[in-house]
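For the sequence shown, the tail end lands on 251 under my numbering, and the numbers increase by one without skipping.
Just so it is clear, CB atoms sit at the ideal spot from N, CA and C, and this is done for glycine as well.
The structure displayed is predicted, hence computed values, not measured ones.
One structure is given below, encoded as structure tokens.
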Amino acid sequence: VNTVPTYAAAGTTATFTRATTATTRDSNGLLRTIASSSPRSYYDSNNFYRGYLPEPQRTNVCLQSEDFALTGPWDSSAAVTMVKNIVGPDGVANSGTTLTWTNTVDTVRQDIARTAGQTDVASVWVKEGNTTFTVIQFAFLGGTTKDAYAGVQWSDHTVAAYGGDAANLTATIEAWGNGWYRVTAKHVDTGANTSCRIAGFPSTTGSNIAVGTVLAFGAQVELNSTFASSYIPTTTVALSGGRVWWEETPA
1 VNTVPTYAAA GTTATFTRAT TATTRDSNGL LRTIASSSPR SYYDSNNFYR GYLPEPQRTN
61 VCLQSEDFAL TGPWDSSAAV TMVKNIVGPD GVANSGTTLT WTNTVDTVRQ DIARTAGQTD
121 VASVWVKEGN TTFTVIQFAF LGGTTKDAYA GVQWSDHTVA AYGGDAANLT ATIEAWGNGW
181 YRVTAKHVDT GANTSCRIAG FPSTTGSNIA VGTVLAFGAQ VELNSTFASS YIPTTTVALS
241 GGRVWWEETP A
């Protein structure tokens, strides 16, 4: 990344600072981790180089973002098995997870405390399983429940909003490497709800739960946000990323 400023005060140089590692998309559409205090470049969904990637500070409040084991914080009453056995969007062997439903009684879900009345964004990478749809639920609970889904239809790799509050959910999909797609669900809360739920399940209609598989990686929930930022991996605590500083110092 070229960090030489086009305009700067005479006799100064620019210094870049970021206290954490960060992620970006490389020329092959793969997720890459960049060291702390190193500026990022990025490639768009058409693999065109877009230069320096600036972002505001964001926090991923979805815990265990790459570990969907049903031992907390992820939960389900369905008969679901989990195994990390596929190459993820980061190109790493066994970083992606196969979740297999043998009955249709529940999703795999995580509930997260939030402030009522705001807009939140959920995102996750999915890959085609063995059903016609993979569905990401992003619902609001704790007030007047608002339930909505982003359903990926694998026949044409499109996504649409489903559920009773579909009118307030905006779903997007972006192709990445190794057959993965990052699905984003932006949901506007109109029900004074105090928690949100991110969940996934296989489907044949875009909203029903079916017997089948979901291939998943990298779940993220960003509160009080209107778009998904770069991925911030988590384990047992929420983590922040993206905030950068540029300073001019004497040469």
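- DSSP lists V121 as the beta-bridge partner residues of E222.
- Within the stretch 108 to 179, the runs of beta strand (DSSP E) that reach at least 3 residues and sit entirely inside it are, in chain order, 108 to 113, 119 to 127, 133 to 141, 149 to 153, 158 to 162 and 169 to 175.
- Within the same chain, and ignoring the five residues on either side of P202 in sequence, the residues whose Cβ sits closer than 8 Å to its Cβ are W101, G129, N130, T131, F133, T134, V135, I209, A210, V211, G212, T213 and V214.
- The Cβ neighbour count for G29, taken over all protein chains shown within 10 Å, is at least 16; the residue is labelled buried.
- Comparing alpha carbon positions, the residue from W74, T104, A93 and S155 closest to Q220 is W74.
- When the five nearest sequence neighbours on each side are left out, the beta carbons in the same chain lying within less than 7 Å of the beta carbon of R32 are those of T23, T24 and D26, in order along the chain.
- Of N193, T184 and I232, the smallest CA-CA separation from T226 is found for T184.
- In this model, N168 and T119 are separated by some 10 Å (Cα to Cα).
- A Cβ-Cβ distance of about 13 Å is found for the pair S123 and A199, leaving them out of contact under the 8 Å criterion.
- Nearest Cα to V152 within the set P54, I173 and T97: I173.
- By the neighbour-count criterion, in which 16 or more other beta carbons inside 10 Å mark a residue as buried, Y43 falls on the buried side.
- Non-local C-beta neighbours of W180 in its own chain, meaning closer than 6 Å and more than five positions away in sequence, comprise P89, W125 and K127, ordered along the chain.
- Secondary structure at Y49: strand, using DSSP grouped into helix, strand and coil.
- In the three-state DSSP reduction, D75 falls in the strand class (E or B).
- Between the C-alpha atoms of G191 and R197 there is a straight-line separation of about 14 Å.
- Taking all protein chains shown into account, N193 has 16 or more neighbouring C-beta atoms within 10 Å of its C-beta and is therefore buried.
- The beta carbon of T59 sits closer than 6 Å to those of A238 and S240, all from its chain and outside the five residues before and after it, given in chain order.
- CA-to-CA, the gap between V105 and S77 works out to about 7 Å.
- Cβ atoms of Y49 and S38 stay farther apart than 8 Å, at about 17 Å.
- For V121, the CB contacts under 6 Å within the same chain, skipping 5 residues up- and downstream, are K186, E222, S225 and A228 in chain order.
- Residue pairing by DSSP puts L99 in a beta bridge opposite M82 and V214.
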